[in-house]
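First comes the structure, then the notes that go with it.
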Amino acid sequence: MGGKVRERETPAGDLRLVDLTKRFGIFTAVDDLSLTIPQGSFFALLGASGCGKTTTLRMIAGLEEPTSGQVLLGDRDIARLRPYKRPVNTVFQSYALFPHLDIAENVAFGLRRRGIRSVDDEVRRMLSLVQLDGYERRRPAQLSGGQQQRVALARALINHPQVLLLDEPLGALDLKLRRQMQIELKRIQTEVGITFVHVTHDQEEAMTMADTVAVMNAGRIEQLGAPADLYEYPATAFVANFLGQSNLLAGEAAGPGGDAVPVSAHGARFAVPRERARLDRGPVYLGVRPEKLHLVDSLDRVPAGHQSVAGVVSDASYVGVSTQYLVRTGWGSELSAFAANTGSEVRFPVGASVVAHWNPRNAFLLPREPGADADRTSPLLDEPPVGALS
Amino acid sequence: MSALAHVPAASGQSSAPPPPPRRGRHRLLPYLLLLPGAAWLFVFFALPLLQLAAASLYDPAGSLSTGYALTWAFGNYPDAVQAYWPQFARSFLYSAIALVLALLMGYPLAYAIAQKAGRWKNLLLVCVVAPMFTSFLVRTLAWKTILSDNGWVVGLLRDVHLLGPDGRLLATPIAVVLGITYNFLPFLVLPLYASLERLDPRLLEAASDLYASGWQAFRRITLPLSMPGLIAGTLLFFIPATGDYINAELLGTPNEYMIGNVIDSAFLVRLDYPQGAALSFLLMAAILAIVFGYLRKAGTEEVL
Amino acid sequence: MRSPHRSLTRRGLLSGTLGTAAMLAAGGALAGCGTKGAQQTEAGCKSDDLSGTEKKLAFSNWPQYMDVDEKDESKRPTLDEFVKKSGIQVTYTEDVNDNNEFFGKVQNQLAACQSTGRDVMVLTDWMAARMIRLGWIQKLDKAKLPNVEANLLTSLRNRSFDPDSQLAIPWQSGLAGLAYNAKVTKEIRTVDELLTRPDLKGKVTALSEMRDTMGLLLQSNGHDPANFTTAQFDDALNKLKKAVASKQIRKFTGNDYAPDLAKGDIAACIGWSGDVVQLGFEDEKIKFVVPESGVMLWSDNMLVPNKATHRANAEALIDYYYDPAVAAKLAAYVNYICPVQGAQAEMEKIDPDLASNPLIFPDEAMLSRSKVFMALDEKQEKEYETKFQQVIGA
C-alpha cells in the first residue's frame, strides 16, 4: 500500500498559508493567517464555533476563495485554482456521500472523474483499509454513521491527495465510536503518509491525533505547537482555558527578577520561573492547572518550595477517577483542584479549611489585558455540543 | 484494528415481533375505507372508459337517428389511423419539440429557484404559478396578441431579418409549439423544483472536491438526484401537451392541427362517435406505451 | 440508476390480461348492443301543453342576443314588456354558446323523448334542420302566429327544412359574405379574389361553419347552395383545398376572426355581417362585401323542443317578437338582419341611420342574391361535414 502511494505522489510540498484573509462583508472570518504545515504531518486546527477554522479549511479545499493571501503547496500557489484542479481532498463533516450511488461508486468517484477506468482493485483495497470489505454494493443510507464516516474517508484517500482535509470528521459519532475512530485515523495517516489537516472543536480529539495543533480564535492563530507544549505552557489566557482548564489569578509582574519573575496578586506574593513566564512586568495572569493544584489541611503541610493560597472547600464532586474540588479563596475567587483517587489521599468535606499549593515549576505567567482585573477560573465545562458549527 | 469488527449487515433493522393478527371487522376496515374512493373511480373513471371502449367498436355505418350497434368493429382503429396519422404524428412531434424547449428553459429555472434564489424563492415560485390563475384559454389568446403580425415580437424579428418582411409567427408551427411550451411549462417546473430543492449543495461541493468539473457534477450528481422530479415533470408536461388542441386551434392553422382537434371535431361536429372513440383510445394507448417505455428506460420504478 | 429492470412476472401479466378482458366484457355488457336510435316521431313522442294553467316559459338564447336597458343591464325592455302584457313569467337563460356544444347538452334527453326543461331555444339553421329531421321539434299552431304569417321576410319563407314556417321561426338573421380591412388591403369583390389574390396570401381566413364557407364557394362556381349535387360540392371543396394548400387561407374560424380583422393580422375573410357591423361602428375601414356571385343568408331560429310543456306560451312569445315595433327595438340593439317586414319603418322612428343600414335591413337587390343552404339528410350531413373537416384540417 504505502509503496504504491509514494510512487504516485507528486514532488514534495509543505502546505503553506501566507497572509490568508477572508472577509464576508464586514465580518472578517480569517485574519491575515500564516502558517506552515510540513509534508506528512497530522495537523489540527482547533477552535470554537465561528473562529474561522472551517473557512480556512474551505480555502485550502478551494470551496471558498480567499479575499487575499496565498495557499502554497510546495512552490505552487493553488489559492485561485478550482477545487477539482487541486491535489487536495476533503472528508466533510456531513460526509456528503452521494445517496444515489453505491459504496463502491462513491469511493470510485474521484478516480472515474480523472478518467481512470479500472477502479475495482483500488476500491477494494481502500474499503479494506477502512475495514468495510464487502460493502461495495450497499447504499449510503444502509450504513451506520461510523461506516459512512469511513466511506467518506476512503472516498477521499483513494485519490492519494497531497493533503487530506478533515472537517470535524468525527462530530456526528457517539463518544465510544469517536475514540475508536481517533485511533483509526491516526493509524491510517501513519500508513499512507499523507498530510492531514484536521479541523475540530474538540481539544481531546486534536491532542490525541495531531502532531501539531494550532488553536484559532477570532480568525487568528493564538498558539501553535505540539499538544503537550500547548497544554503545559499555554501562550494566552484563551489557550489556557480552551485547552483543558486553568486557574488564572490576576496579578502584576514586577520583573525582571533573577531566575524567577516576582508576581503580586491579591495582596500575596508569588514567583514563576523565568522560562515559564511569557512576560516579566505589567498585568499578568498566574496560571496553574487544576490537577497541579494540591490541597492540604494546613500551611504546615505545604512542601518546601511550593507556593500556596488558603481557602475553604465550596464544592466537591467525586467523579471516580478523581475528586474535583472548588476552593473559595479569601478574596472570593473559586479555584478548582483535581485530586487523583490514588487510594491514599485525604478527602475534604465541603466547608473544610484548606491550603492549595503548587510547585512553581508547574505554574505559568500569561499576559493580561489591563482592564481584566478578575481572576479567570474555568468552570467545569462540558464539551461543546456535538456537531456544533465551527 | 479489532476495535472495528464488522457490524452485521442488518444490525440497524432490529426486528420487533410482528403485531398479533387482528380479527373480524378490523381486517375489513382498510377495504371499507377504500370503498368510497373505489366507488368514485368506478363510476367516474372506469365506467366512462368502458363506455368509450365500447363506442370505439360500434358499427361505423350507424348514425344518430338509427342508433349505433356494437358490432365489435375493430376496423375502426386501422381506419382512424389511416385517415388521421399525420395529425397523430404532428401531436407527438410538436409536444416533443415543446418538451425539449421547456426542459431547456425549465431546468435552469427550477434550479435557480431551488438553489440560488434565496429570499426571492417564494416570489419566483408564485411567478411560475401565477399564469395558472387565469384560464388556459385566456392565456393562449394573450399569445395571439403577443405574436400578432403587427405586434412588437414579429416587428423585432423582421427588423433583425430573422423573419422576412411578410413573415409571421401566428398561424405557424412555431406559434403552436411556443404556445404548448408556455402553457405546460409550470407542470414541468414545479416537480423539478421540488426535487432540486431537496438537493444538498454540499454534495456538489463534495463532487467538486473529487475532481468533478461543473458539468460533471451536474451530470453525475444533480441530474440523477433530480431524476424523480424530471420524470414526473416531463410526464406531466408531455401527456396533456400531446392531447392538447387549444394551442393548435388558436395559434395554428389547419396545417398544424393535432389529434386533439380531430377528436374534438369527431365528437362535436362530425358526430362520428366510433371514430372519435377509436382515436381517443389510440391516443391513450400511444401515450401509455411511450410512458412505460420511458419509465423502463429511465429505470426509476420508485416514481410509479 | 443502474438497478436492473423489474421483470414482467408471469403472474402480473396474467392478471393484467384477465383484468383487461374482464373490463372489455363488462363494457360490452354495459353498452348492450350499442345505442338506440335517436329518431322520434310525432306519434311516438307526444308533448302535453300546460300553458292553460301554467303562465311560465323557459327561454334559452345566445349571449348578447336580447336588448338590455342602457342604464340597468339586468333589465330587458322588450322581454319585460312581454311579461307585463301576457302575464307569462319568462325564465331567460343565455346558455347557448355553440350549436354543437348545445346539441351535446340536450341530445340525451331529446333522443330518449324526455324534457330538456326548455320551452324555446334558439339554434342556427343547420342545427334546427338536424333536430327537425330527428323529430325532436314540436309543430307550432299557425293560427296562433298571425304576426309571423304576416311579417316574416319572403326570403326566409319556404326554407327546405321548414317549408311551412311552423317549426323554426327566425329570431335574427345574418349574411355570410366577405369582409376586409381597408387599412391593410385594397377592396375585394369576389370569392375567387379572396382565394387567389397574391397580396392576401396568409392573411385570409374562412369560417369553420361548413354551410357558410361552402355556400359561398358553391355560389362562386355558379351553383345553387340551396340545391346542389355531390359533384358540385366536391368541385367547390377542391377550390378550397387549393387555397389551403397554397397557404392562402391562414385558418378557419368561428367568431374569433373579428379581433384579428380589426388588428389587421387578417386582411380579408369570409365573415358574418353582424360582426362586421359591430366592427364598422368602431372603425369604418372594416367593410362587408356581398359578392356578385351571391351571399349566404342564415338565421338563428326559435324552436320548441319535444316535451316542452308550454307550447302556447312559446307561440305567444314568438308572435310578440314579430310585431314590427318590438322587432325594431330588438334590432336596434343586436344589429343583425331583422327578419320582420315593417320593422324598418318602425326603426325610422328610433334611429334613421340604422334603418338605412343594408346589413340590418337588406334591400331587395341584396336579398335576391342571398341563399339559404340546403337541408341535408343525415348521410349527406356526415359525408359533407367529414369531407369539409378533412380540408380544414380536423
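So the protein sequences, as listed, match chains H, G and U.
Residue numbers for the first sequence follow numbering that gives the first Met the number 0, beginning at 0 and rising by one.
Residue numbers for the second sequence follow numbering that gives the first Met the number 0, beginning at 0 and rising by one.
Residue numbers for the third sequence follow numbering that gives the first Met the number 0, beginning at 0 and rising by one.
Glycine residues also receive a C-beta, built at the ideal position from the N, C-alpha and C atoms.
Note that the structure is a prediction, hence the values are computed from the model and not measured.
Exercise. Exposed or buried, H:G170, counting other C-beta atoms within 10 Å across all chains shown (16 or more means buried)?
Worked result: buried
Problem set entry | Contacts of G:R269 in chain B (Cβ-Cβ under 7 Å) | Among the protein chains in the structure shown, which are H, G and U, there is no chain B.
Problem set entry | Any beta strand (DSSP E) of 3 or more consecutive residues that is wholly inside the region 30 to 67 of chain H | 41 to 46
For this session: Closer than 7 Å by beta-carbon distance: list the chain G residues that pair up with H:G109, in chain order.
Result: Those within 7 Å of H:G109 in chain G are L209 and Y210.
Exercise. What is the residue span of the beta strand (DSSP E) that H:V17 lies within?
Worked result: L14 to F23
For this session: Quick one: which residues of the region 57 to 78 of chain H get their C-beta closer than 8 Å to a C-beta of chain G? List them in chain order.
Result: A60, G61 and L62
Exercise. In chain order, what residues of the region 92 to 111 of chain U put their CB closer than 9 Å to some CB of chain G?
Worked result: D97, N99, E100, F102, G103, Q106 and A110
Problem set entry | Cα-Cα separation between G:V99 and G:N121, rounded to whole angstroms | Rounded to whole angstroms, the gap between the alpha carbons of G:V99 and G:N121 is 26 Å.
Exercise. Are any of the Cβ atoms in chain G nearer than 9 Å to that of U:E281?
Worked result: No, because no Cβ of chain G sits closer than 9 Å to the Cβ of U:E281.
Problem set entry | Bridge partner(s) assigned by DSSP for H:R219 | H:N216
Exercise. What do you reckon, are the CB atoms on G:T233 and G:Y293 nearer than 9 Å?
Worked result: A contact, by the Cβ cut-off of 9 Å.
Exercise. Expressed to the nearest angstrom, what Euclidean distance is found between the alpha-carbon atoms of U:L12 and G:N260?
Worked result: Bear in mind that a pLDDT of 43 at U:L12, under 50, signals an unreliable position, so the number given afterwards is only what the model happens to contain. Cα to Cα, the separation comes out at about 35 Å.
Problem set entry | Contacting residues, own chain, Cβ-Cβ under 7 Å from H:A305 (five flanking each side not counted) | Note that residue 305 of chain H is His in the sequence shown here, rather than Ala. Hits under 7 Å: H356, W357 and N358.
For this session: Kindly list the residues whose CB is nearer than 6 Å to the CB of H:R57, restricted to its own chain and excluding five residues on each side of it in sequence; keep chain order.
Result: For H:R57, where only same-chain residues beyond five positions count, the Cβ hits under 6 Å are E63.
Exercise. What do you get for G:A54, buried or exposed, if any count of 16 or more other CB atoms within 10 angstroms of its CB means buried?
Worked result: buried
For this session: Following the continuous beta strand (DSSP E) through H:L80, name the residue where it begins and the one where it ends.
Result: Premise fails: H:L80 is in no beta strand (DSSP E) and is neither H nor E.
For this session: Show which residues of chain H have a CB atom less than 9 Å away from the CB atom of G:P223.
Result: F97, H99 and L100
Exercise. Is U:E377 close to chain G, meaning its C-beta is less than 9 Å from at least one C-beta of that chain?
Worked result: yes
For this session: Determine whether the Cβ of U:R249 lies closer than 9 Å to any Cβ atom of chain G.
Result: Yes, because at least one Cβ of chain G sits closer than 9 Å to the Cβ of U:R249.
Problem set entry | Limits of the alpha helix (DSSP H) - the one that G:L48 falls within | L46 to A54
For this session: Within its chain, find whatever has a CB closer than 8 Å to the CB of U:F232; leave out the 5 residues flanking it on each side and keep chain order.
Result: M213, L217, Y383 and K386
Exercise. Secondary structure at G:H160, three-state DSSP: helix, strand or coil?
Worked result: coil
Exercise. According to DSSP, what are the bridge partners of H:E251?
Worked result: H:S263 and H:P282
Exercise. Where G:L306 and G:P47 are concerned, what is the direct C-alpha to C-alpha distance, given to the nearest angstrom?
Worked result: Since the displayed chain G opens at 0 and closes at 303, residue 306 of chain G lies outside it and no answer follows.
For this session: Would you kindly work out how many angstroms separate the C-alpha atoms of U:D443 and U:L174, rounded to a whole number?
Result: Nothing can be reported for residue 443 of chain U: it is not among the residues displayed for chain U, which extend from 0 to 393.
For this session: Helix, strand or coil for H:H200, going by three-state DSSP, please let me know.
Result: coil
Exercise. Taking C-alpha atoms, which residue in G:P107, G:D58, G:A88 and G:T65 lies nearest to G:L281?
Worked result: G:A88
Exercise. Where does U:F360 fall in DSSP's three states?
Worked result: coil
Exercise. Whole beta strand (DSSP E) runs in the region 195 to 236 of chain U with 3 or more residues, listed along the chain?
Worked result: DSSP runs (the beta strand (DSSP E)) wholly in the region 195 to 236 of chain U: 203 to 206.
For this session: Give a yes or no on whether the minimum CB-CB distance between U:R196 and chain G is below 9 Å.
Result: no
Exercise. Would you say U:L12 reaches chain G, if we count a Cβ-Cβ gap shorter than 9 Å as a contact?
Worked result: Reliability fails at U:L12, whose pLDDT of 43 lies under 50, so the model's placement of it is uncertain and the value that follows must be treated cautiously. Output row for U:L12: interface = no.
Exercise. Nearest chain G C-beta to U:K200 closer than 9 Å, yes or no?
Worked result: yes
Problem set entry | Distance, H:G350 Cα to H:R288 Cα | Roughly 22 Å between the two C-alpha positions.
Exercise. Around the Cβ of H:I25, are there at least 16 other Cβ atoms within 10 angstroms (buried) or fewer (exposed)?
Worked result: exposed
Problem set entry | Between the CA atoms of U:K250 and U:Q137 - distance to the nearest angstrom | 38 Å
For this session: Reducing DSSP to helix, strand and coil, say where U:P169 ends up.
Result: DSSP places U:P169 in strand when its eight states are reduced to three.
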